[in-house]
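A short worksheet on the structure shown next.
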Amino acid sequence: MSEPFEPKIIAFVCTYCTYAGADLAGTSRLKYAPNVRIIRLPCTGRISPMFILKALQKGADGVLISGCHPGDCHFTHGNYHARRRWMVFRALLDFIGIPPERVKYSWISAAEGVKFAEFINSVTNDIRKLGPFEQYSQLIEQTQAPASL
Amino acid sequence: MSIEEQYRKRAMELLSGGAVKMVIGYGRGSNAERRRPVFISSPEEVNRLVLDEACIANLSGYLVNEGLLSDEKRVAVFLRPEGIRAINILAAESQLDAEQIVIFGFDVSGNEVKALKGIHVEEFEDVIGAIKEHAPEMGNEELLEKIEQMNPQERFAFWKEEFAKCIKCYACRQACPMCYCRRCIVDSNQPQWVNTSSHSLGNFEWNIVRAFHLSGRCVECGNCDRACPVNIPLRLINHRMAQEVLKSFDHFAGMSKTQEPVLASFKKDDSETFIL
Amino acid sequence: MAKIGVFICHCGENVGAKVDCTKLAAALGDHPGVAVSVEYKYFCSDPGQESVKKAIRDNNLTGVVVAACSPRMHEATFRKACAEAGLNPYLCEIANIREQCSWVHTDKDLATEKAMDITRSMVEKVKRNNKLQPIEVPVTRRALVIGGGIAGIQAALDIANAGQDVVLVEREPSLGGHMAQLSETFPTLDCSQCIMTPRMVEAAQHPKIRLLTYSEIESVDGYIGNFTVRVRMKSRYVDIDKCTGCGDCITKCPAKKISSEFDCSLGKRTAIYTPFAQSVPNIPVIDKANCIYFKNGKCKICAKTCQCDAINFDMPDTFVDLEVGAIVVATGFQVQNNSLYGEYGYGKYPDVINGLQFERLASASGPTAGKIMRPSDGAEPQTVVFIQCAGSRDPSKGVRYCSKICCMYTAKHAMLYAHKVHDGKTHIFYMDIRAAGKGYDEFSRRAIEEDEAAYIRGRVSKVWQENGKLMVRGVDTLLGKPVEIAADMVVLATAIVAQPDAKEFAKTIGIGYDEYGFYNEAHLKLRPVESSTAGVFLAGACQSPKDIPDSVAQASATASKVLALFSKDKLEREPVVATNNEVTCAGCWGCVLACPYNAIEKKDIVDRSGRVIKRVASINPGLCQGCGTCVTFCRSNSIDLAGFTEKQIFAEVMGL
Ligand SMILES: Cc1cc2nc3c(=O)[nH]c(=O)nc-3n(C[C@H](O)[C@H](O)[C@H](O)COP(=O)(O)OP(=O)(O)OC[C@H]3O[C@@H](n4cnc5c(N)ncnc54)[C@H](O)[C@@H]3O)c2cc1C
Ligand code: SF4
Ligand code: SF4
Ligand code: SF4
Ligand code: SF4
Chain F
1 MSEPFEPKII AFVCTYCTYA GADLAGTSRL KYAPNVRIIR LPCTGRISPM
51 FILKALQKGA DGVLISGCHP GDCHFTHGNY HARRRWMVFR ALLDFIGIPP
101 ERVKYSWISA AEGVKFAEFI NSVTNDIRKL GPFEQYSQLI EQTQAPASL
Chain G
1001 MSIEEQYRKR AMELLSGGAV KMVIGYGRGS NAERRRPVFI SSPEEVNRLV
1051 LDEACIANLS GYLVNEGLLS DEKRVAVFLR PEGIRAINIL AAESQLDAEQ
1101 IVIFGFDVSG NEVKALKGIH VEEFEDVIGA IKEHAPEMGN EELLEKIEQM
1151 NPQERFAFWK EEFAKCIKCY ACRQACPMCY CRRCIVDSNQ PQWVNTSSHS
1201 LGNFEWNIVR AFHLSGRCVE CGNCDRACPV NIPLRLINHR MAQEVLKSFD
1251 HFAGMSKTQE PVLASFKKDD SETFIL
Chain A
2001 MAKIGVFICH CGENVGAKVD CTKLAAALGD HPGVAVSVEY KYFCSDPGQE
2051 SVKKAIRDNN LTGVVVAACS PRMHEATFRK ACAEAGLNPY LCEIANIREQ
2101 CSWVHTDKDL ATEKAMDITR SMVEKVKRNN KLQPIEVPVT RRALVIGGGI
2151 AGIQAALDIA NAGQDVVLVE REPSLGGHMA QLSETFPTLD CSQCIMTPRM
2201 VEAAQHPKIR LLTYSEIESV DGYIGNFTVR VRMKSRYVDI DKCTGCGDCI
2251 TKCPAKKISS EFDCSLGKRT AIYTPFAQSV PNIPVIDKAN CIYFKNGKCK
2301 ICAKTCQCDA INFDMPDTFV DLEVGAIVVA TGFQVQNNSL YGEYGYGKYP
2351 DVINGLQFER LASASGPTAG KIMRPSDGAE PQTVVFIQCA GSRDPSKGVR
2401 YCSKICCMYT AKHAMLYAHK VHDGKTHIFY MDIRAAGKGY DEFSRRAIEE
2451 DEAAYIRGRV SKVWQENGKL MVRGVDTLLG KPVEIAADMV VLATAIVAQP
2501 DAKEFAKTIG IGYDEYGFYN EAHLKLRPVE SSTAGVFLAG ACQSPKDIPD
2551 SVAQASATAS KVLALFSKDK LEREPVVATN NEVTCAGCWG CVLACPYNAI
2601 EKKDIVDRSG RVIKRVASIN PGLCQGCGTC VTFCRSNSID LAGFTEKQIF
2651 AEVMGL
């Protein structure tokens, strides 16, 4: 029997809420799947749709985006702007055939260590079930895109 | 008097009185079916103007040509409703001063060309409002329906095949009035967000970025569709995005010259059902 | 060539138990651009930090990655250490392999693999880090306080008493705001003027406070520490330096029938007037719209009366330009116009009044000298009905929010009335009694228990006149019965709303506001007295409906914020700010709209002859807070954010 598929997941999070929530999961010694790699940004407002495309280019089978709950943004409105962009970008990816199950969004506050751990676990499980994002990796293989600047 | 004659007459009056410095309209093209843009600046030339059902192109993009409007003089332009919406967007995005634009509005239904009343962009809000309520048929509804029915793998395969044709000529960008950036993000190489060579990944990325940047801004004039040498159904993606911003934010691109750009604004109660 | 040092911390067993640090150090040692890759038990310890510093010096490192606990723990520590070793502190980054790796995973191999990814990704980022310098902004140590109600006065006094200069601008002829209009104040029933007027005088006489009354803000430019403000001093037609405040002109003025704003139309004033007897400054103004001379060109009786030659009908408005470092906005509130509620008869029946009018009736210095007399015929009302929430908590016609103070002042009104009209009867229609606050519940209970205020839970549907009485119809929802009361006077607890010009004014100063026009705080919980614009603070009821204790507390809080800002000559800020490439900017100005801090301005680029050749966005580093919202918005990719640049993040992703 072949080894179960382990997805590669890249997460983009804001430093004030979700990154702090992830730290809290750590200080609380919660356990979650080791598949996720976190990239820290000042605010969800800084999370560009480009990052999602680059994560996919780097072979991510799933991408996570997370920040402060509405009303809690350290920069007051960054997450409201982000939410609109996500809404639009999500619909676009869906229409192009990049399944919404592979790009997930959440609000996780600095106090929600448990939610963070559960979120990572459930998404990792879901993407494990979906399997590798083969269609996209074919694009990449046909390409040899430069992976540096 | 036919509309063509009326508009020639009006063009003549505006040019000879000095009310506008130029009239941008349609002239005869390389064959009987084709029309090409003409730039008329003297009253003697107004007879070159043609107005018939073959006048499809959205001419608003010519207005933002570097330097054209910087002398603050007025320019007249032939526009269909989509073109008028484009003026609103360009004004809302500070690319032009709507005061400077004199509109020769018209619409085509079947073989019939009818004049749209008004001169300044504000006067067409009813016309635009009516399109918001009842979008005219585009002729691509069937294909859209077909794509919506597909599963993600099929959709991906469909677009992969379409995008595979793309030769990265950027004719679509050139033709679109909304693609006015001095430097497009594709041309920014520090870092190279979009792979520029026309291999499959690069083509995917380019077309995704193009559609994203036009979300909530595309007026569905079809300039891009017609410009694309390999016939990728570009307007279809834009149309899907237009549906999305309308549904999610009640935003119909180009409603007024003071409309807030949909991605530079927000409402606290915007929908967020997809966020966990 | 990059020479990056990678320092892998075991954190005792905390990292070491789950991440194979030796393997990690070896892997990173092989990574391109890494000059040093070492492990140690505790890098945050003194010897640990010393070893980092030594490695920087010995190897001329161009960047440092410390793979350890969260950057939220020790980023500052290691950046400081780098600076001490001569490396720009912003060339140091932390790879979080404890909170986000060793502590949350059980499989050592997988955790080690993840730690490698995290650290590599950080190395790739650091290679693109730029040297940054903290931003220094000079601070002008002078505060502008806008609004001379209790909140503005308190803020001005607190700042001035700490030795800093203050300019206090009030647009009315006198200081005081609403508190000067009140009779006695809950929850202690002390006389409002008795506690207010000494404050007003103190502010006016304070050597550190420059008072500009009858003045309005024309424009505000600049940013935290460096605002330039233009103030229009409206012409009083009375020379403030010559006038002694004798009031002879007021007594002689023949235009005596003008309805008094201060008395809420219950009293009259003259055309040359001070709003009330204890006005500060005690210098009259001429109300041009009602002055006989200004209307007909004949009169000037006041000028003839004045022995100091202080009256000048040709006096123009004058302008004052101020340089200030901080701004406190304390522009207060208004009460809602209740003619919106036709069914209550406000504006139709003279004896239906609002709460503020009741304050004037109850005030010893008011139009009735404190006797409760109804406006229509001056008779003493024997039955008074109070209607709470007349406009508040009513999304259909009024405002959705609770005005917060009406429960309390209505209880107060019932008590004041009971104390003045001993055999009178009060009925109060209410939705809930909200009496949270020190002594507040006790206060409203006293109204019920000692002063026999009859509370009826329910809404009033209609007020009409019948046989010389005001008939009030409502429901008692506790009894489930309709009630009808024949009253002599009806008092509406009208909603507290923002100043009518609040939104416009917010745009003048560049701060945010909510749908009602109340000013937005930077963070409702953690930064309640700061506006979203750095250097602009909020005090009193302009932020939300408030009573006096809350207004004063908030005012003192703004003073402490201002004083903290003034405690240094220069402001130091994290250099995480956005910059714009003016060459590629398309001038769409979407970023201007999107920025939560109004940090982006529209800028014209002109050629030598002054002709505009291009319009672009321009980011003010003094205002930018570094969220990066604009960067993401910009389609032409013209903006970038120091510390989190496009290149850095691209490299981070590609390093995974
Ligand atoms: C009927 C009633 C009864 C009340 N009774 C009590 C009570 O018993 N106890 C209690 O604690 N609270 C009471 N309050 C609440 C109290 O009045 C407020 O808490 C207090 O007045 C708020 O002070 P402020 O300085 O924020 O606003 P304000 O008193 O409104 O003062 C604002 C000042 O700013 C000035 N201003 C406005 N805009 C500008 C501008 N653009 N430029 C320059 N100046 C400007 C105004 O002219 C005014 O002088 C009562 C309120 C009402 C309506
Ligand atoms: S994207 Fe195409 S259809 Fe839309 S405005 Fe541009 S050219 Fe017209
Ligand atoms: S016009 Fe067609 S082929 Fe050319 S870049 Fe656009 S999509 Fe590609
Ligand atoms: S969003 Fe970009 S292009 Fe538009 S004004 Fe701002 S910096 Fe310029
Ligand atoms: S980074 Fe944020 S605060 Fe700074 S200019 Fe951009 S949007 Fe405004």
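Protein chains in written order, with my numbering: chain F, 1 to 149; chain G, 1001 to 1276; chain A, 2001 to 2656.
Idealized CB from N, CA, C, for every residue including glycine.
Secondary structure of residue i, DSSP reduced to three states
i	result
residue 1152/G	helix
residue 1110/G	coil
residue 2534/A	coil
residue 1016/G	helix
residue 2246/A	coil
residue 2045/A	coil
residue 1248/G	helix
residue 2464/A	strand
residue 2631/A	helix
residue 2471/A	strand
residue 149/F	With a pLDDT of only 48 at residue 149/F, under the threshold of 50, the placement of this residue in the model should not be trusted, and no figure is reported.
residue 86/F	helix
residue 2626/A	coil
residue 2185/A	strand
residue 2224/A	coil
residue 2523/A	strand
residue 1/F	Any reading at residue 1/F must be qualified, since the residue scores a pLDDT of 45, below 50, and its modelled position is unreliable; the value itself is stated next. Three-state result, residue 1/F: coil.
residue 1133/G	helix
residue 31/F	coil
residue 1066/G	coil
residue 2254/A	coil
residue 2379/A	coil
residue 94/F	helix
residue 2390/A	strand
residue 2513/A	strand
Paired residues, beta bridge with residue i - DSSP
i	result
residue 2427/A	2385/A, 2454/A
residue 2037/A	2006/A
residue 1116/G	1105/G
residue 66/F	13/F, 106/F
residue 2138/A	2570/A
residue 2215/A	2233/A
Closer than 8 Å to chain C by CB, residue i
i	result
residue 1016/G	No chain C appears in the structure shown, which is made up of the protein chains F, G and A.
Integer-rounded CB distance, given that residue j should sit under 8 Å from residue i
i	j	result
residue 2408/A	residue 2435/A	6 Å
residue 2505/A	residue 2331/A	7 Å
residue 2281/A	residue 2213/A	6 Å
Endpoints, alpha helix (DSSP H) assigned at residue i
i	result
residue 2194/A	2192-2205
residue 122/F	113-130
residue 1082/G	1081-1092
Endpoints, beta strand (DSSP E) assigned at residue i
i	result
residue 1025/G	1022-1028
residue 1072/G	Per DSSP, residue 1072/G belongs to no beta strand (DSSP E) and is neither H nor E.
residue 2481/A	2481-2487
>> As an exercise, report each continuous alpha helix (DSSP H) stretch of at least 4 residues that is fully enclosed by the region 2291-2350 of chain A, in chain order.
In response: 2292-2296, 2301-2305
> Taking the runs of the beta strand (DSSP E) that are 3 residues or longer, which of them lie wholly in the region 2040-2106 of chain A?
Replying inline: Segments of the beta strand (DSSP E) lying fully in the region 2040-2106 of chain A: 2063-2068, 2092-2096.
> For the region 2577-2631 of chain A, which segments carrying the alpha helix (DSSP H) assignment without a break, of at least 4 residues, lie completely within its bounds, in sequence order?
Replying inline: Note on the region 2577-2631 of chain A: whole alpha helix (DSSP H) runs with a minimum of 4 residues are 2590-2594, in chain order.
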